[in-house]
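Chemist:
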Amino acid sequence: MALCATGAAPAAADGGTTTAKPTIVLVHGAFADASSWNGVVERLERRGYTVIAPANPLRGLYNDSTYIASVLDSIKGPLVLVGHSYGGALISSAAAGNPRVKSLVYVAALMPDVGENGMSLSARFPSELGTATKSVPYRAGGGLSGTDLYLKPDKLHQVFAADLPESTTRVMAVTQRPAATTAFSEKAKVAAWKHIPSWFLVAKQDKTINPDQERFEAKRAGSHTVEIDSSHVAMTSHPEAVTDLVLQAATAPDSARPALPDTGSRAETALTGVTAASLIAGAGALLLGRRLRRPTP
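Every letter in the sequence shown is one number past the one before it in the working numbering, and letter 155, counting from 1, is 215.
#1: What residue range is occupied by the uninterrupted beta strand (DSSP E) comprising Asp208?
#2: Which partner residues of Leu189 appear in the DSSP bridge assignment?
#3: Quick check on Ser163: does DSSP put it in helix, strand or coil?
#4: Classify Leu118 as helix, strand or coil using the three-state DSSP reduction.
#5: Taking Ala309 and Trp259 to be in contact with their CB atoms under 8 Å, please state how far apart those CB atoms are, rounded to whole angstroms.
#6: Does the contact criterion of 3 or more C-beta pairs under 8 Å hold for the stretch 237-255 versus the stretch 162-179?
#7: If contacts are defined as beta-carbon pairs under 8 Å, then His292 and Ala221 qualify, I think. What distance do you get, rounded to the angstrom?
#8: Need the endpoints of the beta strand (DSSP E) that Ile151 sits in, please.
#9: Output the boundary residues of the beta strand (DSSP E) element that contains Val262.
#10: Helix or strand or just coil, what does DSSP make of Thr356?
#11: Taking the straight line between their C-alpha atoms, what separation do you get for Thr191 and Phe185?
#12: Would you mind giving the Cβ-Cβ distance between Val306 and Val165, rounded to the nearest angstrom? I have them listed as a contact below 8 Å.
#13: So, for Pro138: in the same chain, excluding its five sequence neighbours on each side, which residues have a beta-carbon less than 6 Å away from its beta-carbon?
#14: Mapping the DSSP letters down to three states, classify His292 as helix, strand or coil.
#15: Just the Cα atoms here: how many angstroms apart are Phe91 and Thr311?
#16: For His298, which residues in the same chain have their Cβ closer than 7 Å to its Cβ, ignoring the five residues on either side in sequence?
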């Protein structure tokens, strides 16, 4: 795990948020590692934020989001989660049900709804990634096996990081971390962006995720959105722009929460707890008011 920490005010004893700056959790995606956030980490630290960039296992949506959720459990106080690429799908799952997550930030990211996965979204919005990967079988302990996806070395610069020097992308090709195919085939079971304010950076020159897919996801979620001329790895090639967006999410008041348009699965979600009780109480008060105003026969 890449871990960068600076001082912050203590959190409330009951786990609630205080006036402390939130901890920023940066989650990388496929074919990358936590060092892809280096420029963003440095800028956030200079502004006094605690930053954690965990190593994403890249073994599958369910496994990886459970791991990221366990990282969140180890942190006190409010949180802002930032996901790049496949990391966006992870923060959408890992943040679900965690009241300490203040904001979600998506950087050229996957942002699936319930029942969607990376494969279904890319089928609707094709990109050059489909012809830029190679499949490699792997074996693990306990008899486990599967298939990893790698970017072809001669395609990485063009498809993944065209606005970085070729000398840099040659090293990235050698050191890339593959993702198991289950990272893109497992369907999302939750979508935290339906309940948590979100920010989205669209990379207009992205060849890995279609920019139209990014725009679709951001619009559907009601995200606060910016667009920049960047390749897929915006956090590496444009760390200042990404940092600015993260700071917006970290400092936004609660009123920044957008009104989300209904999507199919969201409209079918049952109301529970305090929300349901409040609506029931409100409906009862309305009916009582009508009865009191009704004239006596």
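Beta carbons are placed, not taken as given, at the ideal position from N, Cα and C, and that holds for glycine.
Modeler: According to the structure data:
#1: Ser205 to Leu211
#2: Per DSSP, none; premise fails for Leu189.
#3: strand
#4: coil
#5: 5 Å
#6: yes
#7: 7 Å
#8: Counting along the chain, Ile151 falls outside any beta strand (DSSP E), though it belongs to the alpha helix (DSSP H) covering Tyr146 to Ala154.
#9: Ser258 to Ala263
#10: Annotation note: pLDDT 41 at Thr356 (below 50); position unreliable, no value reported.
#11: 14 Å
#12: 5 Å
#13: Thr77, Pro82, Arg160 and Lys162
#14: coil
#15: 31 Å
#16: Ile288 and Ser290
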